[in-house]
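Peer 1: I'd like to ask you about the structure that follows.
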Amino acid sequence: MFKTGDFIIFGTKGVCQVEQVGSLNLDGIPKDKLYYTLAPYYSHGSTVFTPVDNQKVIMRPVLTKEEAEDLLDEMKDIETLWIGNEKLREMKYKEALRTCDCREIVKIIKTIYLRKRSRMAAGKKITFIDEKYFKIAEENLYGELAVALGMDRESVRKYVIEHVKNSELTVKNS
Numbered sequence: 017m018f019k020t021g022d023f024i025i026f027g028t029k030g031v032c033q034v035e036q037v038g039s040l041n042l043d044g045i046p047k048d049k050l051y052y053t054l055a056p057y058y059s060h061g062s063t064v065f066t067p068v069d070n071q072k073v074i075m076r077p078v079l080t081k082e083e084a085e086d087l088l089d090e091m092k093d094i095e096t097l098w099i100g101n102e103k104l105r106e107m108k109y110k111e112a113l114r115t116c117d118c119r120e121i122v123k124i125i126k127t128i129y130l131r132k133r134s135r136m137a138a139g140k141k142i143t144f145i146d147e148k149y150f151k152i153a154e155e156n157l158y159g160e161l162a163v164a165l166g167m168d169r170e171s172v173r174k175y176v177i178e179h180v181k182n183s184e185l186t187v188k189n190s
């Protein structure tokens with residue numbers, strides 16, 4: 017069970033801070049059932065209430081600093097998603113996001129980044145679906161890494177890009 021003050025990932029809401037654990041004083045809600053009162057970290061002013069025993073939405077702790085650094089080191093080796101059928105592309109992106117797994121989110125970012133480069137080289141624009149899910153994936157990944165590393169999201173974005181470039185240079189020079 018999470019404690020007040022913990023940072024967690026709550027499904028597609030992303031990073032949330034546990035504000036309170038306890039019963040809700042609302043009509044129609046059993047007084048003996050425990051709920052988390054969550055504050056979405058990047059949606060100031062909003063609140064989420066969810067049962068402590070919620071099995072429908074993934075809830076997990078935010079990565080530790082060490083786990084975040086390990087993920088950064090692994091990024092160059094994380095495979096892209098293979099999606100041969102354009103009609104299944106959005107479904108695959110949604111499935112990967114629903115896992116709330118940082119490695120799956122990295123797959124989305126890498127896949128779309130490479131697709132964008134390829135399309136631009138062919139004189140085409142990025143698709144609306146790719147652009148939409150690239151933005152969502154970046155917000156989710158960089159949001160979690162920002163909390164784990166004690167940085168803001170934009171700094172994390174730059175840090176990730178620099179880290180990946182440096183690790184590629186190290187591999188080439190080995």
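Taking my numbering, the leading residue of the sequence shown gets 17, the next gets one more, and so forth.
Think of the CB as a built atom: it goes at the ideal place given N, C-alpha and C, for glycine as much as any other residue.
#1: Going by DSSP in three states, L161 sits in which element: helix, strand or coil?
#2: Taking the CB atoms as reference points, tell me whether I94 and R133 lie closer together than 7 Å.
#3: Per DSSP, I99 is paired with what?
#4: Taking its Cβ as the centre, do 16 or more other Cβ atoms sit within 10 Å of E178, making it buried, or is it exposed?
#5: Applying the criterion that 16 or more other CB atoms from any shown protein chain within 10 Å of the CB defines a buried residue, is F65 buried or exposed?
#6: According to DSSP, is L50 helix, strand or coil?
#7: Within this structure, are the beta carbons of P56 and C32 separated by less than 7 Å?
#8: Thinking C-beta only, is I125 closer than 7 Å to N156?
Peer 2: The structure says:
#1: Your numbering for residue 161 matches position 145 in the sequence shown. Reduced to three states, the DSSP call for L161 is helix.
#2: One-based indexing of the sequence shown puts residue 94 at position 78. One-based indexing of the sequence shown puts residue 133 at position 117. No, they are not a contact pair.
#3: The residue you call residue 99 lines up with position 83 of the sequence shown. I99 pairs with nothing; no bridge assigned.
#4: Numbered from 1 along the sequence shown, position 162 holds the residue referred to as residue 178. Counting Cβ neighbours within 10 Å, E178 comes out exposed, since fewer than 16 surround it.
#5: Working through the sequence shown from its first residue, we reach residue 65 at position 49. Classification of F65: exposed, given that the 10 Å Cβ count is below 16.
#6: Counting from 1 along the sequence shown, the entry for residue 50 is found at position 34. Annotated three-state conformation of L50 is coil, per DSSP.
#7: Here the question's residue 56 lines up with position 40 in the sequence shown. Here the question's residue 32 lines up with position 16 in the sequence shown. Taking 7 Å as the cut-off, the Cβ atoms of P56 and C32 count as close.
#8: Taking the sequence shown and counting its residues from 1, the one referred to as residue 156 is at position 140. Taking the sequence shown and counting its residues from 1, the one referred to as residue 125 is at position 109. It is not a contact, given that the beta carbons lie outside the stated cut-off.
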